[in-house]
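Trainee: Supplied in structure tokens, the structure appears directly below.
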Amino acid sequence: MGKQRKTWSPELKEQIVLAVLSGEHTIAEAAREYEVSESLIHTWRAQFLEAGRARLQGARPDAAQKKLKKEVQQLKAIIADKELSLYIAKKIRGL
Numbered sequence: 001m002g003k004q005r006k007t008w009s010p011e012l013k014e015q016i017v018l019a020v021l022s023g024e025h026t027i028a029e030a031a032r033e034y035e036v037s038e039s040l041i042h043t044w045r046a047q048f049l050e051a052g053r054a055r056l057q058g059a060r061p062d063a064a065q066k067k068l069k070k071e072v073q074q075l076k077a078i079i080a081d082k083e084l085s086l087y088i089a090k091k092i093r094g095l
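Taking full-length UniProt numbering, the leading residue of the sequence shown gets 1, the next gets one more, and so forth.
Laid out in structure tokens, this is it:
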């Protein structure tokens with residue numbers, strides 16, 4: 001069996017990243033204190049800053065969800081139309 005990965009809550013990730021960004025801890029100090037690899041903290045910090053950059057440029061976090069919801073609605077409409085067509089075809093054939 002493989003080794004189980006440790007998971008980190010979004011709140012703890014944010015706490016660690018903010019501690020590093022505020023200068024409260026260096027990355028090495030935070031890694032030791034929270035028992036996280038330095039490379040993982042670098043990754044979280046980069047993701048945090050990129051998300052902030054995207055938001056400042058006007059990106060909305062829910063824009064992708066809205067697009068997916070619209071696509072789901074369109075697909076449901078197509079399925080409903082196909083089901084209706086199939087129902088009518090069966091009625092015509094007397095099935």
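In this text, a Cβ means the ideal position worked out from N, Cα and C, and glycines have one as well.
Small disclaimer: the values here were computed from a predicted structure and weren't measured.
Within the chosen definition, does the segment 45 to 55 reach the segment 17 to 24 through at least 3 CB pairs nearer than 8 Å?
Mentor: Verdict: yes, contact present.
Trainee: Taking the CB atoms as reference points, tell me whether H42 and E33 lie closer together than 8 Å.
Mentor: No.
Trainee: Should E38 and I27 be called a contact, given that it needs their Cβ atoms to be closer than 8 Å?
Mentor: Yes. Within cutoff.
Trainee: State the DSSP-derived secondary structure class of D62, mapped to helix, strand or coil.
Mentor: Looking at D62 - three-state DSSP - the assignment turns out to be coil, as it is neither helix nor strand.
Trainee: Tell me the rounded alpha-carbon separation between I88 and K69.
Mentor: Each residue's Cα considered, the two are about 29 Å apart.
Trainee: Measure the alpha-carbon distance for A63 versus R55 and round it to whole angstroms.
Mentor: Each residue's Cα considered, the two are about 11 Å apart.
Trainee: According to DSSP, is E71 part of a helix, a strand, or is it coil?
Mentor: If DSSP states are grouped into helix, strand and coil, E71 belongs with the helices.
Trainee: Pop quiz: K13 and W44 are said to be a contact at Cβ under 8 Å. What is the actual Cβ separation, rounded to whole angstroms?
Mentor: The Cβ separation is near 5 Å, so the contact holds.
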